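S.K.: Residues 345 to 593 in my numbering are what the sequence shown lists, from first letter to last.
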Amino acid sequence: MTSITITLLGTNGWYPTKTGNTLSIFIQTPEVAIILDAGDGIHKVADICPEVQTPACLFLSHFHVDHISGLHTLARFRFAKGLSIYGPPGTRDLLTSFIGYPFTVPVAELPYHVTITDLPEGRTVCEVPVTVAPLVHTQMVYGYRFELGKIIAFCTDTGPCENYIKLAQNTDLLISECSYLPGQETPAWPHMNPEMAIDAARKAGAKRLALVHFAADLYTSITQRRDIRNVVIMGDDLIIGEDDMVIRL
(Lines of atoms letter the chains of each structure in order from A and count residues from 1; the text may use other names and numbers.)
(Lines give C-alpha, C1' and ligand atoms only; values in the text may rest on other atoms or scores of the structure.)
Protein backbone atom coordinates (compact mmCIF):
# COMPACT_ATOMS: atom_id res chain seq x y z
CA MET A 1 0.00 0.00 0.00
CA THR A 2 1.33 3.41 -0.98
CA SER A 3 2.42 5.52 1.99
CA ILE A 4 1.04 9.07 1.85
CA THR A 5 2.16 11.98 4.02
CA ILE A 6 0.18 15.22 4.01
CA THR A 7 1.77 18.29 5.60
CA LEU A 8 -0.33 21.38 6.23
CA LEU A 9 2.10 24.14 5.29
CA GLY A 10 -0.35 27.02 5.70
CA THR A 11 -3.88 26.91 7.09
CA ASN A 12 -4.96 30.57 7.19
CA GLY A 13 -7.30 32.20 4.75
CA TRP A 14 -6.87 35.79 3.49
CA TYR A 15 -3.59 36.78 5.21
CA PRO A 16 -0.89 35.33 7.46
CA THR A 17 -1.02 35.93 11.21
CA LYS A 18 0.38 34.32 14.35
CA THR A 19 -2.11 31.48 13.71
CA GLY A 20 -0.45 30.50 10.44
CA ASN A 21 0.58 31.10 6.87
CA THR A 22 -1.89 31.26 4.00
CA LEU A 23 -3.08 28.09 2.38
CA SER A 24 -0.72 25.47 1.01
CA ILE A 25 -0.60 21.70 1.47
CA PHE A 26 2.18 19.25 0.59
CA ILE A 27 1.32 15.62 -0.29
CA GLN A 28 4.21 13.17 -0.57
CA THR A 29 4.02 9.67 -2.01
CA PRO A 30 6.85 7.44 -3.29
CA GLU A 31 5.75 8.24 -6.85
CA VAL A 32 4.82 11.92 -6.87
CA ALA A 33 4.89 15.14 -4.86
CA ILE A 34 1.72 17.24 -4.93
CA ILE A 35 1.30 20.80 -3.69
CA LEU A 36 -2.20 22.18 -3.23
CA ASP A 37 -2.35 25.95 -3.60
CA ALA A 38 0.54 28.37 -3.25
CA GLY A 39 -0.18 30.61 -0.31
CA ASP A 40 2.86 31.85 1.57
CA GLY A 41 3.07 28.55 3.46
CA ILE A 42 4.48 26.93 0.32
CA HIS A 43 8.02 28.05 1.17
CA LYS A 44 8.19 25.23 3.76
CA VAL A 45 8.42 22.63 0.99
CA ALA A 46 12.12 23.46 0.74
CA ASP A 47 12.58 22.74 4.45
CA ILE A 48 10.83 19.37 4.22
CA CYS A 49 12.50 18.31 0.95
CA PRO A 50 15.62 20.32 0.02
CA GLU A 51 15.53 18.41 -3.28
CA VAL A 52 12.35 16.70 -4.47
CA GLN A 53 13.33 13.59 -6.41
CA THR A 54 9.89 12.56 -7.69
CA PRO A 55 7.80 14.31 -10.35
CA ALA A 56 6.20 17.36 -8.70
CA CYS A 57 2.96 19.13 -9.46
CA LEU A 58 1.18 22.16 -8.07
CA PHE A 59 -2.61 22.37 -8.33
CA LEU A 60 -4.11 25.84 -7.92
CA SER A 61 -7.73 26.21 -6.87
CA HIS A 62 -8.02 29.82 -8.09
CA PHE A 63 -6.18 33.12 -8.27
CA HIS A 64 -7.05 35.05 -5.12
CA VAL A 65 -3.75 36.36 -3.81
CA ASP A 66 -3.77 34.30 -0.60
CA HIS A 67 -3.64 31.19 -2.83
CA ILE A 68 -0.81 32.29 -5.14
CA SER A 69 1.31 34.75 -3.12
CA GLY A 70 3.92 32.10 -2.34
CA LEU A 71 4.81 31.67 -6.00
CA HIS A 72 7.50 34.29 -5.53
CA THR A 73 9.47 31.68 -3.51
CA LEU A 74 9.71 29.14 -6.36
CA ALA A 75 13.38 29.99 -6.86
CA ARG A 76 14.06 28.50 -3.41
CA PHE A 77 13.00 25.00 -4.48
CA ARG A 78 14.81 22.17 -6.22
CA PHE A 79 12.57 19.87 -8.21
CA ALA A 80 14.88 17.28 -9.77
CA LYS A 81 12.24 16.19 -12.27
CA GLY A 82 10.66 19.60 -12.79
CA LEU A 83 7.40 21.17 -11.68
CA SER A 84 4.05 20.99 -13.46
CA ILE A 85 1.55 23.70 -12.49
CA TYR A 86 -2.16 23.12 -13.11
CA GLY A 87 -5.22 25.27 -12.56
CA PRO A 88 -8.50 26.64 -13.93
CA PRO A 89 -8.84 28.30 -17.35
CA GLY A 90 -6.53 31.31 -17.52
CA THR A 91 -3.80 29.78 -15.35
CA ARG A 92 -1.15 29.80 -18.07
CA ASP A 93 -1.81 33.39 -19.15
CA LEU A 94 -1.95 34.76 -15.62
CA LEU A 95 1.10 32.94 -14.25
CA THR A 96 3.23 33.75 -17.28
CA SER A 97 3.14 37.36 -16.10
CA PHE A 98 2.82 36.83 -12.34
CA ILE A 99 5.86 34.53 -12.15
CA GLY A 100 8.21 37.05 -13.73
CA TYR A 101 9.65 40.52 -13.56
CA PRO A 102 8.92 42.89 -11.89
CA PHE A 103 7.30 40.58 -9.33
CA THR A 104 9.72 37.65 -9.03
CA VAL A 105 12.15 35.37 -10.87
CA PRO A 106 10.66 34.42 -14.26
CA VAL A 107 9.78 30.82 -15.07
CA ALA A 108 12.59 30.58 -17.62
CA GLU A 109 15.19 31.49 -14.98
CA LEU A 110 14.10 29.01 -12.32
CA PRO A 111 16.64 26.23 -11.58
CA TYR A 112 14.31 23.49 -12.88
CA HIS A 113 11.87 22.96 -15.75
CA VAL A 114 8.34 24.32 -15.28
CA THR A 115 5.19 23.71 -17.33
CA ILE A 116 1.88 25.54 -16.80
CA THR A 117 -1.38 23.95 -17.97
CA ASP A 118 -5.05 24.94 -17.86
CA LEU A 119 -7.01 21.86 -16.79
CA PRO A 120 -10.39 20.96 -18.26
CA GLU A 121 -13.24 19.85 -16.04
CA GLY A 122 -13.70 16.11 -15.51
CA ARG A 123 -11.27 13.27 -14.96
CA THR A 124 -7.81 13.49 -16.48
CA VAL A 125 -4.41 11.91 -15.93
CA CYS A 126 -1.36 14.11 -15.51
CA GLU A 127 1.27 12.97 -13.00
CA VAL A 128 -1.68 11.37 -11.18
CA PRO A 129 -5.31 10.62 -12.02
CA VAL A 130 -7.33 13.65 -10.93
CA THR A 131 -10.95 14.70 -11.23
CA VAL A 132 -11.62 18.42 -11.53
CA ALA A 133 -14.90 20.24 -10.89
CA PRO A 134 -15.89 23.89 -10.41
CA LEU A 135 -17.09 24.95 -6.98
CA VAL A 136 -19.20 27.93 -5.85
CA HIS A 137 -17.37 31.18 -5.12
CA THR A 138 -17.10 34.76 -6.38
CA GLN A 139 -14.90 33.60 -9.27
CA MET A 140 -13.95 30.31 -10.93
CA VAL A 141 -12.64 27.91 -8.28
CA TYR A 142 -11.59 24.33 -8.93
CA GLY A 143 -11.96 21.46 -6.50
CA TYR A 144 -9.82 18.35 -6.96
CA ARG A 145 -10.09 14.62 -6.30
CA PHE A 146 -6.83 12.64 -6.45
CA GLU A 147 -6.41 8.89 -6.91
CA LEU A 148 -3.21 8.01 -5.08
CA GLY A 149 -4.00 4.51 -3.89
CA LYS A 150 -5.96 6.45 -1.30
CA ILE A 151 -8.52 9.04 -2.42
CA ILE A 152 -7.95 12.65 -1.35
CA ALA A 153 -10.24 15.57 -2.20
CA PHE A 154 -9.36 19.25 -1.86
CA CYS A 155 -12.17 21.82 -1.78
CA THR A 156 -11.46 25.39 -0.75
CA ASP A 157 -13.16 28.76 -1.17
CA THR A 158 -16.63 27.39 -1.75
CA GLY A 159 -20.08 27.23 -0.28
CA PRO A 160 -22.03 23.96 -0.19
CA CYS A 161 -22.66 22.62 -3.69
CA GLU A 162 -23.25 19.41 -5.61
CA ASN A 163 -19.71 19.22 -6.99
CA TYR A 164 -18.25 19.41 -3.48
CA ILE A 165 -20.22 16.28 -2.58
CA LYS A 166 -19.19 14.51 -5.79
CA LEU A 167 -15.49 15.22 -5.30
CA ALA A 168 -15.68 14.13 -1.65
CA GLN A 169 -17.56 10.89 -2.34
CA ASN A 170 -16.10 8.02 -0.28
CA THR A 171 -12.74 9.76 0.10
CA ASP A 172 -10.10 8.59 2.55
CA LEU A 173 -9.43 12.26 3.33
CA LEU A 174 -11.44 15.36 2.49
CA ILE A 175 -9.47 18.60 2.92
CA SER A 176 -12.06 21.34 3.22
CA GLU A 177 -12.08 25.03 3.73
CA CYS A 178 -13.64 26.39 6.94
CA SER A 179 -13.51 30.17 6.65
CA TYR A 180 -16.53 31.03 8.74
CA LEU A 181 -17.21 30.64 12.44
CA PRO A 182 -19.83 28.15 13.65
CA GLY A 183 -23.28 29.33 12.62
CA GLN A 184 -21.94 32.08 10.35
CA GLU A 185 -22.65 32.34 6.64
CA THR A 186 -22.59 35.04 3.97
CA PRO A 187 -24.26 33.81 0.75
CA ALA A 188 -22.82 36.75 -1.24
CA TRP A 189 -19.29 35.53 -0.42
CA PRO A 190 -19.58 31.71 -0.39
CA HIS A 191 -17.47 29.85 2.15
CA MET A 192 -17.99 27.01 4.63
CA ASN A 193 -18.53 27.04 8.36
CA PRO A 194 -17.73 23.90 10.43
CA GLU A 195 -21.30 22.59 10.41
CA MET A 196 -21.54 22.92 6.63
CA ALA A 197 -18.25 21.10 6.07
CA ILE A 198 -19.13 18.27 8.44
CA ASP A 199 -22.61 17.88 6.97
CA ALA A 200 -21.17 17.69 3.45
CA ALA A 201 -18.47 15.21 4.53
CA ARG A 202 -21.10 12.94 6.06
CA LYS A 203 -23.34 13.13 2.98
CA ALA A 204 -20.34 12.22 0.82
CA GLY A 205 -19.21 9.35 3.05
CA ALA A 206 -15.74 10.83 3.59
CA LYS A 207 -13.73 8.77 6.07
CA ARG A 208 -11.79 11.74 7.51
CA LEU A 209 -12.26 15.50 7.27
CA ALA A 210 -9.44 18.03 7.66
CA LEU A 211 -10.51 21.66 8.09
CA VAL A 212 -8.20 24.38 6.73
CA HIS A 213 -8.40 27.95 5.33
CA PHE A 214 -9.63 29.57 8.53
CA ALA A 215 -10.38 33.25 7.89
CA ALA A 216 -7.60 35.25 9.54
CA ASP A 217 -9.93 38.01 10.72
CA LEU A 218 -12.40 35.57 12.33
CA TYR A 219 -10.24 32.80 13.77
CA THR A 220 -7.74 35.00 15.59
CA SER A 221 -6.33 32.24 17.81
CA ILE A 222 -5.66 28.52 17.54
CA THR A 223 -7.92 28.08 20.56
CA GLN A 224 -10.85 29.34 18.48
CA ARG A 225 -10.17 26.63 15.93
CA ARG A 226 -9.92 23.91 18.57
CA ASP A 227 -13.15 25.11 20.17
CA ILE A 228 -14.98 23.92 17.04
CA ARG A 229 -15.15 20.56 18.82
CA ASN A 230 -17.41 22.18 21.43
CA VAL A 231 -20.13 22.89 18.86
CA VAL A 232 -19.88 19.94 16.44
CA ILE A 233 -19.71 16.19 16.88
CA MET A 234 -17.46 14.11 14.64
CA GLY A 235 -14.85 12.49 16.89
CA ASP A 236 -11.38 11.51 15.74
CA ASP A 237 -12.42 11.58 12.08
CA LEU A 238 -12.33 15.40 12.31
CA ILE A 239 -8.92 17.05 11.96
CA ILE A 240 -8.77 20.74 12.84
CA GLY A 241 -5.85 21.96 10.79
CA GLU A 242 -2.87 23.84 12.18
CA ASP A 243 0.32 24.86 10.40
CA ASP A 244 2.97 22.10 10.17
CA MET A 245 0.49 19.37 11.16
CA VAL A 246 1.24 16.03 9.49
CA ILE A 247 -1.48 13.56 8.43
CA ARG A 248 -0.60 10.04 7.32
CA LEU A 249 -2.74 7.72 5.21
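Ideal Cβ placement from N, Cα and C applies to all residues, glycine included. Nothing here was measured: the structure is a model prediction, and the numbers come from that model.
Rounded to a whole number of angstroms, what is the C-alpha to C-alpha distance between K425 and S405?
M.R.: Walking along the sequence shown from the start, residue 425 turns up at place 81. Walking along the sequence shown from the start, residue 405 turns up at place 61. Each residue's alpha carbon lies about 23 Å from the other.
S.K.: Considering just the uninterrupted stretch of the alpha helix (DSSP H) at D437, what are its terminal residues?
M.R.: Taking the first residue of the sequence shown as 1, we reach residue 437 at position 93. Taken as a continuous stretch (DSSP letters only), the alpha helix (DSSP H) holding D437 covers T435 to F442.
S.K.: Between the segment 533-545 and the segment 502-513, do at least 3 Cβ pairs fall closer than 8 Å?
M.R.: Yes: the two stretches touch, three or more of their Cβ pairs being nearer than 8 Å.
S.K.: Could you tell me the distance, in whole angstroms, from the CA atom of T355 to the CA atom of L463?
M.R.: Stepping through the sequence shown from its first residue, residue 355 is reached at position 11. Stepping through the sequence shown from its first residue, residue 463 is reached at position 119. Answer to the nearest angstrom: the Cα atoms are 25 Å apart.
S.K.: Is the beta carbon of G357 sitting closer than 8 Å to the one on S368?
M.R.: In the sequence shown, residue 357 corresponds to position 13, counting from 1. In the sequence shown, residue 368 corresponds to position 24, counting from 1. Not closer than 8 Å, so no.
S.K.: Nearest-angstrom Cα distance between G434 and C393?
M.R.: The count along the sequence shown starts at 1 and reaches residue 434 at position 90. The count along the sequence shown starts at 1 and reaches residue 393 at position 49. Between G434 and C393, the C-alpha separation is close to 30 Å.
S.K.: To the nearest angstrom, how far is the alpha carbon of Y486 from that of D581?
M.R.: The residue given as residue 486 occupies position 142 in the sequence shown. The residue given as residue 581 occupies position 237 in the sequence shown. So the alpha carbons of these two residues sit roughly 25 Å apart.
S.K.: Can you tell which of G549, L353 and S520 has its C-alpha closest to the C-alpha of L391?
M.R.: Here the question's residue 391 lines up with position 47 in the sequence shown. According to the sequence displayed, residue 391 carries Asp and not Leu. Selected option, being the one with the closest Cα: L353.
S.K.: So, are the CB atoms of L492 and T351 less than 8 Å apart?
M.R.: Within the sequence shown, the letter at position 148 stands for residue 492. Within the sequence shown, the letter at position 7 stands for residue 351. No, these two residues do not count as a Cβ contact at 8 Å.
S.K.: With L517 and R552 assumed to form a contact (beta carbons below 8 Å), what rounded beta-carbon distance in angstroms separates them?
M.R.: Position 173 of the sequence shown, counted from the first residue, corresponds to residue 517. Position 208 of the sequence shown, counted from the first residue, corresponds to residue 552. Yes, they are in contact, since the Cβ atoms of L517 and R552 sit about 5 Å apart, within 8 Å.
S.K.: Between I495, C499, V472 and C470, which has its C-alpha nearest M484's C-alpha?
M.R.: Locating residue 484 in the sequence shown gives position 140, counting from the first residue. Checked all of I495, C499, V472 and C470; the closest Cα to M484 is C499.
S.K.: Roughly how many angstroms lie between the CA atoms of T459 and G431, to the nearest whole one?
M.R.: The sequence position of residue 459 within the sequence shown is 115, counting from 1. The sequence position of residue 431 within the sequence shown is 87, counting from 1. Rounded to whole angstroms, T459 to G431 spans 12 Å at the Cα level.
S.K.: Candidates L415, T363, E539 and P538: which alpha carbon is nearest D588's?
M.R.: Stepping through the sequence shown from its first residue, residue 588 is reached at position 244. Closest by alpha carbon: T363.
S.K.: Using alpha carbons as the reference points, say which of H411, T366, V576 and V451 lies closest to R436.
M.R.: Within the sequence shown, the letter at position 92 stands for residue 436. R436 has its Cα closest to that of V451, out of H411, T366, V576 and V451.
S.K.: What residue range is occupied by the uninterrupted beta strand (DSSP E) comprising L380?
M.R.: Position 36 of the sequence shown holds residue 380. Looking at the DSSP string, the run of the beta strand (DSSP E) that includes L380 is A377 to L380.
S.K.: The alpha helix (DSSP H) that contains T567, what's its start and end?
M.R.: As a working note, residue 567 is residue 223 in the sequence shown. Unbroken alpha helix (DSSP H) run through T567: I566 to R570.
S.K.: Which term fits A532, buried or exposed, when burial requires 16 or more other beta carbons within 10 angstroms of its beta carbon?
M.R.: Residue mapping note: residue 532 aligns to position 188 of the sequence shown, counting from 1. Exposed: under 16 other Cβ atoms inside 10 Å.
S.K.: Name the two residues that bound the continuous beta strand (DSSP E) containing P534.
M.R.: As a position in the sequence shown, residue 534 is number 190, starting the count at 1. Segment: none, P534 is in no beta strand (DSSP E) and carries neither H nor E.
S.K.: Within the segment 407-467, note down every full beta strand (DSSP E) run reaching 3 residues or more, in order along the chain.
M.R.: Segments of the beta strand (DSSP E) lying fully in the segment 407-467: 427-431 and 458-462.
S.K.: Please report the straight-line C-alpha distance between D410 and D501, rounded to a whole angstrom.
M.R.: Residue 410 sits at position 66 when you count from the first residue of the sequence shown. Residue 501 sits at position 157 when you count from the first residue of the sequence shown. Their backbone Cα atoms lie some 11 Å apart in a straight line.
S.K.: Going straight from the alpha carbon of P399 to that of C470, what length do you get?
M.R.: Indexing the sequence shown from 1 puts residue 399 at position 55. Indexing the sequence shown from 1 puts residue 470 at position 126. Whole-angstrom Cα-Cα distance: 11 Å.
S.K.: Quick one: what's got a C-beta closer than 7 Å to A550's C-beta in the same chain, skipping five residues either side?
M.R.: Residue numbering aside, residue 550 sits at position 206 when the sequence shown is read from its first letter. So the qualifying residues of the chain are A512, T515 and L518.
S.K.: Would you mind working out which of P504, L402 and S428 sits nearest P478, comparing C-alpha positions?
M.R.: As a working mapping, residue 478 is identified with position 134 in the sequence shown. Checking every option, the nearest Cα to that of P478 belongs to P504.
S.K.: Look up I591 in the DSSP assignment and say whether it is helix, strand or coil.
M.R.: The residue labelled residue 591 in the question sits at position 247 within the sequence shown. Reduced to three states, the DSSP call for I591 is strand.
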